[in-house]
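Have a look at the structure below, then the notes.
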Amino acid sequence: MLHAVVHSAGVQDRDGGVLVMATLFGMFPFLRKLYADGGYQGPAFQAALKRVLRQVDVEIVKRSDQVKGFKLLPRRWIVERSIAWLNRCRRLAKDWENLNHTALAFMQLASIRLMLRKLCNPRI
Numbered sequence: 070m071l072h073a074v075v076h077s078a079g080v081q082d083r084d085g086g087v088l089v090m091a092t093l094f095g096m097f098p099f100l101r102k103l104y105a106d107g108g109y110q111g112p113a114f115q116a117a118l119k120r121v122l123r124q125v126d127v128e129i130v131k132r133s134d135q136v137k138g139f140k141l142l143p144r145r146w147i148v149e150r151s152i153a154w155l156n157r158c159r160r161l162a163k164d165w166e167n168l169n170h171t172a173l174a175f176m177q178l179a180s181i182r183l184m185l186r187k188l189c190n191p192r193i
């Protein structure tokens with residue numbers, strides 16, 4: 070995990086996404102491509118993102134309406150897999166935290182734990 074922002078439930082993902090992208094690409098200016106799901110499409114998100122990040126190419130990964138059942142979507146599985154790995158931590162599986170910075174700290178700890186496991190045991 071490169072970066073995360075925890076905000077209240079009253080903020081839509083689309084609105085919080087601009088804040089995450091602005092701070093992420095500020096820390097890692099060499100990143101040039103952003104893959105997002107269908108929830109981030111639309112003129113409001115695109116316009117806000119272009120105001121903050123002019124050089125980033127945004128690609129929306131869409132689901133097909135004709136496909137029945139499960140279909141592996143390009144690039145989306147990476148995010149879904151990472152979220153599933155983080156949700157293995159019991160503390161992140163439920164919303165127990167009262168403060169946003171505490172939730173962010175436990176998410177970062179879970180990410181560090183996952184990275185250490187991958188580094189120490191590359192077969193997993």
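The opening residue of the sequence shown carries number 70 in my numbering; numbering runs sequentially from there. C-beta atoms are modelled at their ideal positions from N, C-alpha and C, and glycine is treated no differently.
- Taking 7 Å as the cut-off, the Cβ atoms of residue 104 and residue 130 count as close.
- For residue 105, no alpha helix (DSSP H) run applies; the uninterrupted beta strand (DSSP E) run containing it begins and ends at 102-106, by DSSP.
- Pairing residue 111 with residue 82 gives a Cβ-Cβ distance that is not under 7 Å.
- Counting only runs that start and end inside the segment 87-158, the alpha helix (DSSP H) elements of at least 4 residues fall at 112-121, 145-155.
- The beta carbons of residue 75 and residue 172 sit closer together than 7 Å.
- Fewer than three beta-carbon pairs drawn from the segment 155-170 and the segment 115-128 are found closer than 8 Å, and the two stretches are therefore not classed as touching.
- In this structure residue 72 is not in contact with residue 100, their Cβ atoms being roughly 10 Å apart against a cut-off of 8 Å.
- Between residue 162 and residue 121, the C-beta spacing is not below 7 Å.
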